[in-house]
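**Student:**
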Amino acid sequence: MRNRLLSSTGVWSDGIVLIRIFSGIIIFNFGLQLFSVDAMNGYVGWLGDLGFPAPKQMATIGKVIELVGGAFLIIGLLTRITTVFLIVTMSVITFFMGKWDLLSSDSSWLLLLLFLCVLFTGPGRWSLDYFLFKKKGNALNSVDQEV
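Just so we're aligned: 372 in our numbering is position 96 of the sequence shown, and the numbers increase by one with no gaps anywhere.
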(Lines of atoms letter the chains of each structure in order from A; the text may use other names.)
(Lines give C-alpha, C1' and ligand atoms only; values in the text may rest on other atoms or scores of the structure.)
Protein backbone atom coordinates (compact mmCIF):
# COMPACT_ATOMS: atom_id res chain seq x y z
CA MET A 277 0.00 0.00 0.00
CA ARG A 278 2.80 2.40 0.92
CA ASN A 279 4.61 1.78 -2.36
CA ARG A 280 1.43 2.49 -4.27
CA LEU A 281 0.89 5.82 -2.47
CA LEU A 282 4.48 6.91 -3.11
CA SER A 283 4.58 5.71 -6.72
CA SER A 284 4.73 8.24 -9.56
CA THR A 285 2.50 6.08 -11.74
CA GLY A 286 -1.27 6.27 -11.75
CA VAL A 287 -3.25 4.18 -9.30
CA TRP A 288 -6.47 3.85 -11.30
CA SER A 289 -6.56 4.72 -15.00
CA ASP A 290 -10.37 4.88 -14.98
CA GLY A 291 -10.35 7.64 -12.36
CA ILE A 292 -10.53 10.28 -15.08
CA VAL A 293 -14.02 8.97 -15.85
CA LEU A 294 -15.23 10.33 -12.51
CA ILE A 295 -13.72 13.74 -13.25
CA ARG A 296 -15.25 13.74 -16.74
CA ILE A 297 -18.73 12.73 -15.58
CA PHE A 298 -18.92 14.96 -12.50
CA SER A 299 -17.55 18.03 -14.28
CA GLY A 300 -20.05 17.29 -17.07
CA ILE A 301 -22.92 17.19 -14.57
CA ILE A 302 -21.81 20.48 -13.00
CA ILE A 303 -21.46 22.35 -16.30
CA PHE A 304 -24.70 20.82 -17.64
CA ASN A 305 -26.46 22.23 -14.58
CA PHE A 306 -25.07 25.69 -15.36
CA GLY A 307 -26.24 25.27 -18.96
CA LEU A 308 -29.80 24.61 -17.82
CA GLN A 309 -29.97 28.31 -16.92
CA LEU A 310 -30.53 28.81 -20.65
CA PHE A 311 -34.19 28.03 -19.94
CA SER A 312 -34.49 30.59 -17.12
CA VAL A 313 -35.53 34.00 -18.44
CA ASP A 314 -34.42 35.75 -15.24
CA ALA A 315 -30.99 34.10 -15.25
CA MET A 316 -30.44 34.87 -18.93
CA ASN A 317 -31.51 38.51 -18.49
CA GLY A 318 -28.99 38.75 -15.65
CA TYR A 319 -26.20 37.36 -17.84
CA VAL A 320 -27.12 39.64 -20.74
CA GLY A 321 -27.03 42.67 -18.44
CA TRP A 322 -23.73 41.58 -16.93
CA LEU A 323 -22.11 41.04 -20.33
CA GLY A 324 -23.44 44.40 -21.51
CA ASP A 325 -21.99 46.13 -18.43
CA LEU A 326 -18.63 44.50 -19.13
CA GLY A 327 -18.68 45.83 -22.70
CA PHE A 328 -19.07 42.53 -24.55
CA PRO A 329 -20.47 42.94 -28.07
CA ALA A 330 -23.89 41.35 -28.72
CA PRO A 331 -24.42 40.35 -25.08
CA LYS A 332 -27.65 38.43 -25.74
CA GLN A 333 -26.02 36.25 -28.39
CA MET A 334 -22.87 35.79 -26.30
CA ALA A 335 -24.88 34.68 -23.26
CA THR A 336 -26.91 32.26 -25.37
CA ILE A 337 -23.82 30.79 -27.05
CA GLY A 338 -22.12 30.35 -23.68
CA LYS A 339 -25.11 28.58 -22.15
CA VAL A 340 -25.58 26.33 -25.19
CA ILE A 341 -21.90 25.33 -24.98
CA GLU A 342 -22.35 24.57 -21.26
CA LEU A 343 -25.54 22.56 -21.83
CA VAL A 344 -24.46 20.53 -24.86
CA GLY A 345 -20.86 20.26 -23.67
CA GLY A 346 -21.99 18.97 -20.29
CA ALA A 347 -24.21 16.35 -21.91
CA PHE A 348 -21.37 15.25 -24.21
CA LEU A 349 -18.95 15.01 -21.29
CA ILE A 350 -21.37 12.92 -19.25
CA ILE A 351 -21.68 10.32 -22.01
CA GLY A 352 -18.11 10.77 -23.27
CA LEU A 353 -18.96 11.81 -26.83
CA LEU A 354 -16.45 13.88 -28.84
CA THR A 355 -14.79 14.55 -25.52
CA ARG A 356 -11.63 16.35 -26.58
CA ILE A 357 -13.45 18.60 -29.05
CA THR A 358 -16.06 19.34 -26.40
CA THR A 359 -13.45 20.23 -23.79
CA VAL A 360 -11.83 22.72 -26.17
CA PHE A 361 -15.13 24.63 -26.39
CA LEU A 362 -15.61 24.40 -22.62
CA ILE A 363 -12.03 25.53 -21.95
CA VAL A 364 -12.54 28.61 -24.13
CA THR A 365 -15.85 29.36 -22.38
CA MET A 366 -14.36 28.94 -18.89
CA SER A 367 -11.33 31.02 -19.88
CA VAL A 368 -13.58 33.90 -20.94
CA ILE A 369 -15.56 33.61 -17.71
CA THR A 370 -12.44 33.34 -15.53
CA PHE A 371 -10.14 35.87 -17.14
CA PHE A 372 -12.45 38.44 -18.73
CA MET A 373 -15.67 38.32 -16.76
CA GLY A 374 -14.02 37.33 -13.46
CA LYS A 375 -11.06 39.68 -13.99
CA TRP A 376 -8.50 37.00 -12.98
CA ASP A 377 -9.92 36.68 -9.46
CA LEU A 378 -8.89 33.06 -8.86
CA LEU A 379 -9.57 33.26 -5.13
CA SER A 380 -13.24 34.11 -5.49
CA SER A 381 -16.00 31.67 -4.67
CA ASP A 382 -16.67 31.27 -8.40
CA SER A 383 -15.91 27.79 -9.71
CA SER A 384 -15.04 28.74 -13.30
CA TRP A 385 -11.29 28.43 -12.79
CA LEU A 386 -11.69 25.04 -11.11
CA LEU A 387 -13.86 23.80 -13.99
CA LEU A 388 -11.23 25.15 -16.39
CA LEU A 389 -8.60 22.98 -14.68
CA LEU A 390 -10.87 19.91 -14.72
CA PHE A 391 -11.56 20.37 -18.43
CA LEU A 392 -7.82 20.68 -19.08
CA CYS A 393 -7.29 17.37 -17.25
CA VAL A 394 -9.93 15.68 -19.39
CA LEU A 395 -8.43 17.19 -22.56
CA PHE A 396 -4.92 15.96 -21.71
CA THR A 397 -5.87 12.48 -20.49
CA GLY A 398 -8.76 11.68 -22.82
CA PRO A 399 -12.21 10.38 -22.01
CA GLY A 400 -11.21 6.99 -20.58
CA ARG A 401 -12.56 3.54 -21.32
CA TRP A 402 -16.07 4.27 -20.09
CA SER A 403 -17.05 6.67 -22.85
CA LEU A 404 -18.77 6.57 -26.20
CA ASP A 405 -15.53 7.83 -27.75
CA TYR A 406 -13.76 4.67 -26.62
CA PHE A 407 -16.38 2.41 -28.17
CA LEU A 408 -16.87 4.44 -31.36
CA PHE A 409 -13.25 5.26 -32.16
CA LYS A 410 -11.41 2.34 -30.56
CA LYS A 411 -8.34 1.58 -32.64
CA LYS A 412 -4.94 0.36 -31.57
CA GLY A 413 -2.67 3.36 -31.11
CA ASN A 414 -5.55 5.85 -31.16
CA ALA A 415 -4.85 8.93 -29.03
CA LEU A 416 -8.26 8.53 -27.38
CA ASN A 417 -7.00 5.32 -25.79
CA SER A 418 -3.63 6.68 -24.65
CA VAL A 419 -4.52 6.42 -20.95
CA ASP A 420 -5.04 2.68 -21.31
CA GLN A 421 -1.73 1.97 -23.04
CA GLU A 422 1.10 0.76 -20.87
CA VAL A 423 4.38 2.62 -20.87
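C-beta atoms are modelled at their ideal positions from N, C-alpha and C, and glycine is treated no differently. Just so it is clear, the structure is predicted and the values come from calculations on it, not from any experiment.
#1: Give the list of continuous alpha helix (DSSP H) stretches no shorter than 4 residues that lie fully inside the stretch 286–327.
#2: Run the CB neighbour count on D405, radius 10 Å, all protein chains shown included, and call it buried at 16 or more, exposed below.
#3: Excluding the 5 residues preceding and the 5 following T365 in the sequence, name in chain order all residues of the same chain whose CB lies nearer than 8 Å to its CB.
#4: Cα separation between R401 and T359?
#5: With A335 and V320 assumed to form a contact (beta carbons below 8 Å), what rounded beta-carbon distance in angstroms separates them?
#6: With distance defined between alpha-carbon atoms, name the residue in F371, L349, W322 nearest to F391.
**Tutor:** Let me lay it out:
#1: 291–307, 313–325
#2: Counting from one through the sequence shown, the residue named residue 405 turns up at place 129. It is buried - the Cβ of D405 has at least 16 other Cβ atoms within 10 Å.
#3: As a first step, residue 365 is located in the sequence shown; it is residue number 89 there, counting from the start. Closer than 8 Å at Cβ, skipping near neighbours: G338, I341, E342, G345.
#4: The count along the sequence shown starts at 1 and reaches residue 401 at position 125. The count along the sequence shown starts at 1 and reaches residue 359 at position 83. Going from the Cα of R401 to the Cα of T359 covers about 17 Å.
#5: As a first step, residue 335 is located in the sequence shown; it is residue number 59 there, counting from the start. As a first step, residue 320 is located in the sequence shown; it is residue number 44 there, counting from the start. Right, the Cβ-Cβ distance comes to about 5 Å (below 8 Å), so this counts as a contact.
#6: Taking the first residue of the sequence shown as position 1, residue 391 is located at position 115. The shortest C-alpha separation from F391 is found at L349.
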